[in-house]
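S.K.: For the sequence shown, my numbering assigns the number 212 to the initial residue and increments by one for each residue that follows.
For each residue, glycine too, the CB sits at the ideal point set by N, CA and C.
This structure is in structure tokens; I'll ask about it shortly.
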Amino acid sequence: MDLKPLLDAASDADRAELTILHNAHVTALSGVQAGATEASLRTYKAAQEALERIVERLTEKYFPKDSDKSPVFKNRAEAFRHLVGQGYKLGKSKFFK
Numbered sequence: 212m213d214l215k216p217l218l219d220a221a222s223d224a225d226r227a228e229l230t231i232l233h234n235a236h237v238t239a240l241s242g243v244q245a246g247a248t249e250a251s252l253r254t255y256k257a258a259q260e261a262l263e264r265i266v267e268r269l270t271e272k273y274f275p276k277d278s279d280k281s282p283v284f285k286n287r288a289e290a291f292r293h294l295v296g297q298g299y300k301l302g303k304s305k306f307f308k
């Protein structure tokens with residue numbers, strides 16, 4: 212699962228939440244690999260579902276499929292991160308002028 216486009220486009224709060232859930236997923240996976248107990252499998256499944264939910268929610272928020280729904284940004288920094296995440300080659304100095 213490639214999270215880079217989401218991390219680049221997300222606000223600071225959304226990026227933090229996504230990072231925390233991704234780290235929880237990786238930690239739970241390590242627990243399963245160390246020894247697959249019923250508890251470690253439940254933990255892994257819960258972490259995986261939580262990560263999938265946030266990825267789906269943030270994908271809909273920052274990369275809407277409906278062309279009439281464009282994302283709204285709180286400030287220029289969020290808009291800059293979104294455009295860079297979309298693949299635009301922008302410099303901060305040019306963008307913020």
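To the nearest angstrom, report how far apart F389 and E289 are at their CA atoms.
M.R.: No information on residue 389 is available, as it lies outside the stretch 212 to 308 that the chain covers here.
S.K.: When you compare the CB positions of L262 and A221, do they come within less than 8 Å of one another, or not?
M.R.: Not a contact, by the Cβ cut-off of 8 Å.
S.K.: Going along the chain, which residues of its own chain have a beta-carbon closer than 7 Å to the beta-carbon of L218, five neighbours each way excluded?
M.R.: Taken in chain order, the residues that qualify are R226 and L229.
S.K.: How is the alpha helix (DSSP H) around Q297 delimited, first residue to last?
M.R.: Careful: Q297 lies outside any alpha helix (DSSP H) and carries neither H nor E.
S.K.: Since G246 and T254 are thought to touch, with beta carbons under 8 Å apart, how far apart are those beta carbons, to the nearest angstrom?
M.R.: With a Cβ gap of about 12 Å, G246 and T254 do not count as contacting.
S.K.: Thinking V283 and M212 are a contact (beta carbons under 8 Å), I'd like their distance in whole angstroms, please.
M.R.: Rounded, the Cβ-Cβ distance is 26 Å, inconsistent with contact.
S.K.: Leaving out the 5 sequence neighbours to the left and right, which residues in its chain are closer than 6 Å to I231 when beta-carbon positions are compared?
M.R.: Cβ neighbours of I231 beyond the five flanking positions: none.
S.K.: How about A261: is its Cβ closer than 7 Å to a heavy atom in the ligand MG?
M.R.: No copy of the ligand MG occurs in the structure displayed, which carries no ligand at all.
S.K.: Which of the three DSSP states is assigned to S304 in this structure?
M.R.: Helix, per DSSP.
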